[in-house]
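Heads up, the final residue of the sequence shown is numbered 197 in numbering that gives the first Met the number 0, and it's a clean run with no missing numbers.
Glycine included, C-beta positions come from ideal geometry on N, C-alpha and C.
Bear in mind the structure is a predicted one, so any value in this text is a computation, not a measurement.
What follows is a single structure, written as structure tokens, with notes after it.
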Amino acid sequence: MSATITRPAENRTARLITDQLDPKTWIIADTVLIGWHTAGLTGIGWGLFGCLFAAVLPLVFIKYGIRRGRWADRHVGPKRGRLIVMAFVTASVSTGILLLWAFDAPRTVLALIAAMLATMAALFAVTPMWKISVHAAVASGSVAMLALSYGPWVLAAYLLVAAVGWSRVALRDHTPAQVLAGTAVGAAVASATFALIR
């Protein structure tokens, strides 16, 4: 976007972090790493199948909306656009869960995608009233689930979650409160759902 060219250097850094550590990146990382931890290459295959519904199809939908002029970029700032995207993501992830269940996917992969759906439902409930940070929620929930799978040492990745939160505030897409709320909701909902189902 041309707007990023005129931003000061520190905001270009924030834009880079926001773009590179967006929800899609975290979802791909989780599906590959938790899939591998679950069942090696077979688990990665199942994880990527879930990723198709949790990240790839939503990204295609967002890009279609950009081309049609419905929203300005893939972060979809305006509330109406965010709600439309969230509704699509909820439907897409729900479909993915049903197919994973129908094809007898590993329970841990099913739990991972179900945790994504639960997190989206929580964010969807808040968004009409308040612009809670989806970036922070997905990043935080992703780290929490990876820690449940690989051990508490993964919690060091919360430094990346903090960087994501800083970038959202620096770009004035969210307030500190919206980022902190997203971080808390993402960690609580994703980890509880994942732990309960797996």
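Going by DSSP, D29 is part of the alpha helix (DSSP H) stretching over P22 to C50. Its chain contains no residue whose beta carbon lies nearer than 6 Å to that of G68 once the 5 sequence neighbours on both sides are disregarded.
Per the Cβ contact rule, the stretch 169-181 is not in contact with the stretch 141-158 (fewer than 3 Cβ pairs under 8 Å).
Collapsing the DSSP output to three states places L170 in coil. Judged by pairs of C-beta atoms under 8 Å, the stretch 83-102 touches the stretch 39-59, as three or more such pairs exist. Relative to the Cα of A104, the nearest Cα in the group Y149, G44, R167 and A189 belongs to G44. Taking a C-beta distance under 7 Å as the contact criterion, R167 and S132 qualify as a contact pair.
Its Cα nearest to that of K23, the residue I61 stands out among W35, T41 and I61.
When the beta-carbon positions are compared, A143 and A86 stay at least 7 Å from each other. Under a 10 Å Cβ-count criterion, R197 is classified as buried, with 16 or more other Cβ atoms of the shown protein chains found around its own Cβ. Counting along the chain, S132 sits inside no alpha helix (DSSP H), nor does DSSP assign it H or E at all. Under the three-state reduction of DSSP, F102 is assigned to coil, being neither helix nor strand. Sorting L195, H134 and A146 by C-alpha distance to the C-alpha of V184 places H134 at the top.
The alpha-carbon of G39 is positioned some 30 Å away from that of A120. Nearest neighbour of A114 by Cα position, chosen from G140, G42, K130 and P127, turns out to be G140.
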